[in-house]
Amino acid sequence: MKIIVPLAGAGRRFRKAGFTGPKPLIAVDGRPMARHVVDLFPGEKDFLFVANSEDAEGSGLLEVLAEAAPASRTAVIPPHREGPVFSVSRVFDQIPDDDEVIVNYCDFSKAWDYAGFLRHTRSRKADGALSAYRGFHPHMLWDPNYAFLRSERQWLSEIREKRAFTDRRMGEFASDGTYYFRTGSLMKTYFSRLMERGIRTEGEYYVSMAYNLMVEDGLKVSVYAIEQMLQWGTPSDLLEYQGWSDYFRAVVESGRPAGGPSRKASAPDRGILLMAMAGEGRRFSAAGLAAAKPLVQVNGTPMFVQALRCLPRAEKEVLVASRSTLEAGGRKALRRERPEAEVVELSRTTGGQALSCRSGLSGADPEARLLIAPCDAGAVWDRAAYGRLLADPGVDVAVWTVTGHAPAARKPGMFGWVKAGPAGRVTAVGVKEPVSSNPMADRVILGIFTFKKVRHFHETLKALESGPTPACGEYHVDGCVAEAVRMGLGVYAFDVRAAACWGTPEELATYLYWQKFFHRCARHPYDLAAHPGLEDPKALEASFEGFKQEFK
Numbered sequence: 066m067k068i069i070v071p072l073a074g075a076g077r078r079f080r081k082a083g084f085t086g087p088k089p090l091i092a093v094d095g096r097p098m099a100r101h102v103v104d105l106f107p108g109e110k111d112f113l114f115v116a117n118s119e120d121a122e123g124s125g126l127l128e129v130l131a132e133a134a135p136a137s138r139t140a141v142i143p144p145h146r147e148g149p150v151f152s153v154s155r156v157f158d159q160i161p162d163d164d165e166v167i168v169n170y171c172d173f174s175k176a177w178d179y180a181g182f183l184r185h186t187r188s189r190k191a192d193g194a195l196s197a198y199r200g201f202h203p204h205m206l207w208d209p210n211y212a213f214l215r216s217e218r219q220w221l222s223e224i225r226e227k228r229a230f231t232d233r234r235m236g237e238f239a240s241d242g243t244y245y246f247r248t249g250s251l252m253k254t255y256f257s258r259l260m261e262r263g264i265r266t267e268g269e270y271y272v273s274m275a276y277n278l279m280v281e282d283g284l285k286v287s288v289y290a291i292e293q294m295l296q297w298g299t300p301s302d303l304l305e306y307q308g309w310s311d312y313f314r315a316v317v318e319s320g321r322p323a324g325g326p327s328r329k330a331s332a333p334d335r336g337i338l339l340m341a342m343a344g345e346g347r348r349f350s351a352a353g354l355a356a357a358k359p360l361v362q363v364n365g366t367p368m369f370v371q372a373l374r375c376l377p378r379a380e381k382e383v384l385v386a387s388r389s390t391l392e393a394g395g396r397k398a399l400r401r402e403r404p405e406a407e408v409v410e411l412s413r414t415t416g417g418q419a420l421s422c423r424s425g426l427s428g429a430d431p432e433a434r435l436l437i438a439p440c441d442a443g444a445v446w447d448r449a450a451y452g453r454l455l456a457d458p459g460v461d462v463a464v465w466t467v468t469g470h471a472p473a474a475r476k477p478g479m480f481g482w483v484k485a486g487p488a489g490r491v492t493a494v495g496v497k498e499p500v501s502s503n504p505m506a507d508r509v510i511l512g513i514f515t516f517k518k519v520r521h522f523h524e525t526l527k528a529l530e531s532g533p534t535p536a537c538g539e540y541h542v543d544g545c546v547a548e549a550v551r552m553g554l555g556v557y558a559f560d561v562r563a564a565a566c567w568g569t570p571e572e573l574a575t576y577l578y579w580q581k582f583f584h585r586c587a588r589h590p591y592d593l594a595a596h597p598g599l600e601d602p603k604a605l606e607a608s609f610e611g612f613k614q615e616f617k
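So the sequence shown is numbered by the working numbering: it starts at 66 and just counts up by one.
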């Protein structure tokens, strides 16, 4: 098999985002992107890389490619903006006419069975073949600009770049960037015809478009389904992937349930831990989940239990929950997890998280420390750093934050944000609105807050209620923090190592997607069995099985 990897693209989006050097050398999990591409084809040695002369000069690219695939060759061509087909056409003389050929883009990876792909393709006697995915894939939530295809029994009918065929793009196959041709001669014929006919997409010649010409001529192009796709084509795609990789690495390296303190913790922190879970969870019910949101399973336990396990224990623990959640199993789950916890039952919804929290503080010591947390987020955090922050007499409120959170940056209006000085003191709070034009560089609020004194929470909530009704119609603790800043209290950001949010069906599905991938990835340290607090890893692993080709 001759595997051709065009690398001659300029990578303009990455350079604009501040990345330096050629795109194939950008580190993904500490390894150049190009090495991940080679890993997609175990056992193969005959690689032909096509690089542009600007990237090849003095960057180390040629050395990295030679190390990744020692038997490979790298062709260096002048820079251009004509697309991957044009790049490959410059090296036609280095491609045998009779060999099978794969053209593979350089900016993605995937979970697939390469040997299975070859068996499926060859058994069908296909003239061409591409691997593709459909269903839920996190990057499909945001960017619809991929190569979509129509097929019948996994035979290609038509492929179209940058636009889906229907308004339900997750139900359509999308190409991942691996393109097979039965012979080098066949590939050359249709690449040449594509350029002769001037069939460009956004000014470039794409490999996928050659398949339409093959189908026009009655040739057979097979579609091989893959299970998971790792999209690294844009800076935001790559940063989101890296964020999830770092999170699951941090979970197992911390040796704690979901990265928090162990269940056999030392002496509990003084003060109160308050978790509010009295919302309606309308998005989960609209998505067809029967369980109340706090009871939706995360790591084999109810979501709120997983969130509790991420937090420091406290002398007094209070959960504010709706009657329906408690009656649906919440009370039983809580008694199993924290039998000593106090439960405050609400018969109706309040005007927001902050008001629910106040319901749980009746009779609380106004001088006691208060940790407020949501039921739908988990964090990996440093206990020593947390202790040092709270020991500082200048700190009145600690806002738990994380930086570089791609899902939040894509929808900044759904999250809270803080702006802080070099020492971490918060100077501005954005409630459901960003604090700058670059949310990826900002601290996003995780919904976890530590008030040195209960009275600080009450005072800030009173100030919040005395002002105009929040634009979102609900009172959030983020707003209390904004009031604390205005009142001159010492509000500081506590930066966690990594975080996961499960607050919407899409966020939970994204978490499960990456958990599945990293558990199965041999090069990644994450393993379900090494995830403390995950009660039945074998059952969760079994839920990952069952993927197969629909048509042979």
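Even for Gly, the Cβ is constructed at its ideal location relative to N, Cα and C.
Just so you know, these numbers come straight off a predicted model, no measurement behind them.
On the DSSP bridge list, what partners appear for Leu339? Reading the sequence shown from its first residue, position 274 is the one you call residue 339. Paired residue(s): Val383 and Ile437.
Suppose the cutoff is 6 Å on Cβ atoms and the five residues either side in sequence are ignored; what does the same chain contact list for Asp120 look like? Translated into positions along the sequence shown, residue 120 becomes position 55. For Asp120, the CB contacts under 6 Å within the same chain, skipping 5 residues up- and downstream, are Pro87 and Leu126 in chain order.
Just mark Thr366 as buried or exposed, buried being the case when its beta carbon has 16 or more other beta carbons within 10 Å. Residue mapping note: residue 366 aligns to position 301 of the sequence shown, counting from 1. Its Cβ being crowded by 16 or more others within 10 Å, Thr366 is buried.
Compute the Euclidean distance between the alpha carbons of Gly324 and Val383, then round it to the nearest angstrom. Start at 1 with the first residue of the sequence shown, and residue 324 comes out as number 259. Start at 1 with the first residue of the sequence shown, and residue 383 comes out as number 318. Bear in mind that the predicted position of Gly324 carries a pLDDT of just 42, short of 50, making it too unreliable to give a figure here.
Applying the 10 Å Cβ sphere with the 16-neighbour rule, what's the burial state of Arg228? Translated into positions along the sequence shown, residue 228 becomes position 163. Per the 10 Å Cβ criterion, exposed.
Straight-line Cα distance separating Phe246 from Ser137: Here residue 137 refers to the residue found at position 72 of the sequence shown. Here residue 246 refers to the residue found at position 181 of the sequence shown. Rounded to the nearest whole angstrom, the CA to CA distance from Ser137 to Phe246 is 19 Å.
Using a Cβ-Cβ cut-off of 7 Å (strictly less than) and excluding sequence neighbours within five positions of Phe256, which residues of its own chain qualify? Counting from 1 along the sequence shown, the entry for residue 256 is found at position 191. If we look at Phe256 and ignore the five residues flanking it on each side, its Cβ neighbours are Val150, Val153, Ser154 and Ala275.
Of the choices Asp302, Leu599 and Glu267, whose alpha-carbon is the least far from that of Ala474? For the purposes of this step, residue 474 is identified with residue 409 of the sequence shown, where counting begins at 1. It is Asp302.
Going by C-alpha to C-alpha distance, which of Thr575, Gly611 and Ala197 sits closest to Gly308? The residue you call residue 308 lines up with position 243 of the sequence shown. Looking from the CA of Gly308, the closest CA among Thr575, Gly611 and Ala197 belongs to Thr575.
Residue closest to Ala594, alpha-carbon to alpha-carbon, out of Met252, Ala212, Pro203 and Phe313: Taking the sequence shown and counting its residues from 1, the one referred to as residue 594 is at position 529. It is Phe313 whose Cα lies nearest to the Cα of Ala594.
Under 8 Å: do the region 415 to 431 and the region 527 to 547 share three or more Cβ pairs, one atom per stretch? Yes, since at least three Cβ pairs between the region 415 to 431 and the region 527 to 547 fall closer than 8 Å, the two stretches touch.
Specify, as a first and last residue, the run of the beta strand (DSSP E) that Tyr289 falls within. For this step, residue 289 is matched to residue 224 along the sequence shown. Tyr289 -> beta strand (DSSP E) spans Val286 to Ala290.
With the cut-off set at 8 Å, would you say Phe516 and Leu435 are in Cβ contact? The count along the sequence shown starts at 1 and reaches residue 516 at position 451. The count along the sequence shown starts at 1 and reaches residue 435 at position 370. Taking a C-beta distance under 8 Å as the contact criterion, Phe516 and Leu435 qualify as a contact pair.
Only counting runs of 3 or more residues, tell me where the beta strand (DSSP E) segments fall wholly within the region 488 to 552, in order along the chain. Within the region 488 to 552, the complete beta strand (DSSP E) runs of at least 3 residues are 491 to 496 and 508 to 516.
In chain order, what residues of the same chain have a beta carbon less than 6 Å from the beta carbon of Lys381, not counting five sequence neighbours either side? Looking up residue 381 in the sequence shown gives position 316. The residues are Ile337.
Would you tell me roughly how many angstroms separate the C-alpha atoms of Leu105 and Pro203, rounded to the nearest one? Start at 1 with the first residue of the sequence shown, and residue 105 comes out as number 40. Start at 1 with the first residue of the sequence shown, and residue 203 comes out as number 138. Within the model, the alpha-carbon separation for Leu105 versus Pro203 is close to 21 Å.
Do you know offhand how far Ser327's Cα is from Ala444's? Numbered from 1 along the sequence shown, position 262 holds the residue referred to as residue 327. Numbered from 1 along the sequence shown, position 379 holds the residue referred to as residue 444. Bear in mind that a pLDDT of 44 at Ser327, under 50, signals an unreliable position, so the number given afterwards is only what the model happens to contain. Their backbone Cα atoms lie some 13 Å apart in a straight line.
Please report the straight-line C-alpha distance between His145 and Val70, rounded to a whole angstrom. As a first step, residue 145 is located in the sequence shown; it is residue number 80 there, counting from the start. As a first step, residue 70 is located in the sequence shown; it is residue number 5 there, counting from the start. Going by the C-alpha atoms only, they are around 16 Å apart.
Kindly indicate which three-state DSSP category Lys484 falls into: helix, strand or coil? Here the question's residue 484 lines up with position 419 in the sequence shown. Lys484: strand per DSSP, three-state reduction.
Considering Cα atoms alone, identify which of Gly344, Val464 and Gln219 is closest to Val550. Counted from its first residue, the sequence shown places residue 550 at position 485. Closest by alpha carbon: Val464.
Going residue by residue through the region 569 to 605, where are the continuous alpha helix (DSSP H) segments of at least 4 residues, counting only ones entirely within it? Counting only runs of at least 4 residues, the region 569 to 605 fully encloses the following alpha helix (DSSP H) elements, listed from N- to C-terminal order: 570 to 585.
Mind checking whether Tyr557 and Val460 have CB atoms under 8 Å apart? As a working note, residue 557 is residue 492 in the sequence shown. As a working note, residue 460 is residue 395 in the sequence shown. In this structure, Val460 lies closer than 8 Å to Tyr557 by Cβ.
Where Arg100 falls: helix, strand or coil (DSSP): Taking the sequence shown and counting its residues from 1, one reaches residue 100 at position 35. Residue state, collapsed to three classes: helix.
N- and C-terminal bounds of the beta strand (DSSP E) containing Ala140: The residue you call residue 140 lines up with position 75 of the sequence shown. It spans Arg138 to Ile142 - the beta strand (DSSP E) in which Ala140 sits, taken as one unbroken run.
Put Phe182 into one of helix, strand or coil per three-state DSSP. As a position in the sequence shown, residue 182 is number 117, starting the count at 1. Helix.
Count Cβ pairs between the region 474 to 484 and the region 391 to 399 that sit closer than 8 Å; are there 3 or more? A contact is defined here as three or more CB-CB pairs under 8 Å, and the region 474 to 484 fails this definition with respect to the region 391 to 399.
Is Val467 near Ala372, with beta carbons less than 8 Å apart? By one-based count along the sequence shown, residue 467 stands at place 402. By one-based count along the sequence shown, residue 372 stands at place 307. Taking 8 Å as the Cβ cut-off, Val467 and Ala372 do not qualify as a contacting pair.
How is Asp192 classed by DSSP in three states: helix, strand or coil? For the purposes of this step, residue 192 is taken as the residue at position 127 of the sequence shown. Coil at Asp192, not helix or strand.
When DSSP labels each residue in this structure, what does Phe84 get in the three-state scheme? Indexing the sequence shown from 1 puts residue 84 at position 19. In the three-state reduction of the DSSP assignment, Phe84 falls in the coil class, being assigned neither a helical nor a strand state.
Over the uninterrupted alpha helix (DSSP H) stretch that includes Val156, give me the two end residues. As a first step, residue 156 is located in the sequence shown; it is residue number 91 there, counting from the start. Unbroken run through Val156: none, as it is neither H nor E.
Rounded distance between the beta-carbons of Phe522 and Tyr451, thought under 8 Å: The residue given as residue 451 occupies position 386 in the sequence shown. The residue given as residue 522 occupies position 457 in the sequence shown. Distance from Tyr451 to Phe522 at the Cβ level is roughly 18 Å; contact not present, criterion being Cβ atoms closer than 8 Å.
Using DSSP's beta-bridge definition, name the partner residues of Asp447. For the purposes of this step, residue 447 is taken as residue 382 along the sequence shown, with counting starting at 1. For Asp447, DSSP assigns no beta-bridge partner whatsoever.
Short of 7 Å in beta carbon distance, which residues of its chain neighbour Phe33, apart from the five on each side in sequence? Order them along the chain. Residue 33 lies beyond the residue range present for the chain, which begins at 66 and ends at 617; the question has no answer from this structure.
Starting from the C-beta of Asp600, find all residues in its chain whose C-beta is less than 7 Å away, skip the five residues before and the five after it, and write them out in chain order. Position 535 of the sequence shown holds residue 600. The residue asked about is misnamed: residue 600 is Glu in this sequence, not Asp. The beta carbon of Glu600 sits closer than 7 Å to the beta carbons of Gly365 and Thr366 from its chain, once the five residues preceding and following it are set aside; these are given in chain order.
In angstroms, rounded to a whole number, what distance separates the CA positions of Ala140 and Leu113? Taking the first residue of the sequence shown as position 1, residue 140 is located at position 75. Taking the first residue of the sequence shown as position 1, residue 113 is located at position 48. Those two C-alpha atoms are separated by around 7 Å.
Out of Asn277, Arg508 and Thr254, which one is the CA nearest neighbour of Leu221? By one-based count along the sequence shown, residue 221 stands at place 156. Taking Leu221 as reference, the option from Asn277, Arg508 and Thr254 with the minimal CA-CA separation is Asn277.
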